[in-house]
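Novice: Right, I'll just put the structure down here and ask away after.
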Amino acid sequence: MKHKTAAIYARVSTDKQKVDMQVEELKKYISNRDFKLGQLYIDQGYTGGNINRPAYGHMMEDAHKRLFDVLIVWKLDRLSRSLKDLITTLETLGSLGIDFISYDNSLDTSTPTGKLVFHVVGSVAEFERDIIRERVRAGLANARRNGKRLGRPSILAKVSPKIHILKENGLSNRAIARKLRVGEATVRRALKS
82 MKHKTAAIYA RVSTDKQKVD MQVEELKKYI SNRDFKLGQL YIDQGYTGGN
132 INRPAYGHMM EDAHKRLFDV LIVWKLDRLS RSLKDLITTL ETLGSLGIDF
182 ISYDNSLDTS TPTGKLVFHV VGSVAEFERD IIRERVRAGL ANARRNGKRL
232 GRPSILAKVS PKIHILKENG LSNRAIARKL RVGEATVRRA LKS
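In this note's numbering, each number is its position in the sequence shown, counted from 1, plus 81.
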């Protein structure tokens with residue numbers, strides 16, 4: 082029987098704090114579960130408020146390469162303090178077939194109960210995305226009803242004064258188009274208005 086490889090992710094917010102206690106306890110847990118110890122990913126002195134952390138990024142790259150089967154953290158907030166980032170990370174790991182264990186929170190997606198909790202969390206995240214999508218659509222529809230122009234400004238409005246000046250200086254439509262890097266049709270429309 083092949084033993085699952087378990088990677089450890091640990092994080093502390095300041096350089097004065099140490100991850101030793103987290104890592105040692107998780108190593109014991111890995112041994113008790115009969116996992117094989119894989120890579121340690123440690124972010125020292127990084128906040129959990131965002132995922133722009135070197136060890137976190139390296140861990141996610143290795144997850145995509147399937148270099149480990151299980152990711153273990155001391156607590157959920159060690160992985161991320163942002164619910165959105167946490168859910169995204171868990172969904173990514175799940176889609177890659179990697180189990181996730183939060184030691185102190187007793188969340189283990191390798192067990193039936195843990196999978197249920199994971200799916201409930203995933204469903205809540207999907208519900209939240211759908212609500213946001215509905216709000217954005219309603220906001221755009223309301224803006225259109227109120228006559229608000231959506232999207233980037235027209236190129237015509239931006240270059241029209243330049244086109245008129247260049248035409249007054251005797252340039253052909255083709256030369257103006259080349260000089261301003263626009264189509265000749267845009268030049269013609271500007272000159273008509």
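Ideal Cβ positions, reconstructed from N, Cα and C, are used throughout, including at glycine.
If you run the structure through DSSP and keep just helix, strand and coil, what is Gly-175?
Specialist: helix
Novice: Starting from Thr-267, trace the alpha helix (DSSP H) both ways and give me its first and last residue.
Specialist: 265-273
Novice: Just checking my contact of Arg-270 with Leu-237 at CB under 8 Å: how many whole Å lie between their CB atoms?
Specialist: 6 Å
Novice: Hey, how far is the Cα of Thr-128 from the Cα of Arg-134?
Specialist: 8 Å
Novice: I'd like to check one pair, Ile-111 with Ala-91: are the Cβ atoms closer than 9 Å?
Specialist: no
Novice: Cβ of Ser-191 within 9 Å of Cβ of Asp-180?
Specialist: Contact flag set, yes.
Novice: The ligand HEM and His-139: does the residue's C-beta get closer than 8 Å to at least one heavy atom of that ligand?
Specialist: The model depicted lacks the ligand HEM and carries no ligand whatsoever.
Novice: With 16 other CB atoms within 10 Å as the buried threshold, where does Ile-212 fall?
Specialist: exposed
Novice: The alpha helix (DSSP H) spanning Gln-125 covers which residue range?
Specialist: Where Gln-125 is concerned, there is no enclosing alpha helix (DSSP H), although the beta strand (DSSP E) it sits in stretches over 117-125.
Novice: For Gly-264, count neighbouring Cβ atoms within 10 angstroms of its own Cβ and tell me buried if that reaches 16, exposed if not.
Specialist: It is exposed - the Cβ of Gly-264 has fewer than 16 other Cβ atoms within 10 Å.
Novice: So Ala-144 packs on Gly-119, CB below 8 Å; how close in whole Å?
Specialist: About 11 Å; that fails the 8 Å criterion.
Novice: When we look at the beta-carbon of Ala-258 and count the other beta-carbons within 10 Å, is it buried (16 or more) or exposed?
Specialist: buried
Novice: Contact defined as beta carbons within less than 8 Å: I believe Thr-338 pairs with Asp-150. What is the distance between those atoms, to the nearest angstrom?
Specialist: The structure shown does not extend to residue 338, since the chain spans only 82 to 274, so no value can be given for it.
Novice: Cutting at 8 Å between CB atoms, please list the residues of its own chain near Thr-95, excluding the five before and the five after it.
Specialist: Gly-126
Novice: From the DSSP output, which residues share a beta bridge with Phe-48?
Specialist: A question about residue 48 goes unanswered here, because the residues of the chain that appear run from 82 up to 274.
Novice: Applying the 10 Å Cβ sphere with the 16-neighbour rule, what's the burial state of Arg-225?
Specialist: exposed
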